Amino acid sequence: MDTVYISQLHVETIIGVYDFEKESKQSLFFDIEMKTDISAAARQDDITLAVDYAKVSERVIAHTEASRLELLETLVEQLAALILQEFAIESVTIRVSKPAAVPQAQTVGLEITRNR
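Letter by letter, the sequence shown follows residues 1 to 116 of full-length UniProt numbering.
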């Protein structure tokens with residue numbers, strides 16, 4: 001199985017439990033790894049047979065910007081389901097970082113892996 005990945009995809013959105021988090025956008029950074037077989041796309045040099053990381057990025061950005069959630073856990077679960085449903089992949093690992101959440105930490109976040 002091959003890996004298509006997106007590293008440090010930056011999205012500004014409203015997310016958080018506390019009132020101050022609901023008042024202004026915060027930065028989130030996504031690392032996304034998608035397991036798939038790239039051999040057909042590579043053999044035929046055909047983007048329609050590949051996982052188009054630009055389209056995956058667009059979907060993640062659009063969904064994240066439109067969401068008004070409290071928990072990163074909810075957002076990441078939604079994104080994993082969306083990616084698995086819309087793209088020809090076997091599994092997805094999403095790591096999200098929220099650098100402004102804890103002042104004493106460079107970043108905090110979580111990572112999940114979901115399979116088809």
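Glycine included, C-beta positions come from ideal geometry on N, C-alpha and C. Remember, it's a predicted structure, so these values are computed and weren't measured experimentally.
{"Asked": "Secondary structure, alpha helix (DSSP H): runs of 4+ residues fully inside the segment 52-109", "Found": "53-66 and 72-86"}
{"Asked": "Extent of the continuous beta strand (DSSP E) run through S27", "Found": "Q26 to T36"}
{"Asked": "Assigned exposure category for F30 - 16 Cβ within 10 Å defines buried", "Found": "buried"}
{"Asked": "C-alpha gap between A88 and V4, whole angstroms", "Found": "11 Å"}
{"Asked": "Outcome for T74 when other beta-carbon atoms lying within 10 angstroms are tallied against a minimum of 16", "Found": "exposed"}
{"Asked": "Contacts around G109, its chain only, beta-carbon distance under 7 Å, and the 5 residues preceding and following it disregarded", "Found": "L72, R95, V96, S97 and K98"}
{"Asked": "Reduced DSSP secondary structure (H/G/I, E/B, other) of R116", "Found": "coil"}
{"Asked": "I47, DSSP secondary structure in three states", "Found": "helix"}
{"Asked": "Enclosing beta strand (DSSP E) for E12 [first to last residue]", "Found": "D2 to T13"}
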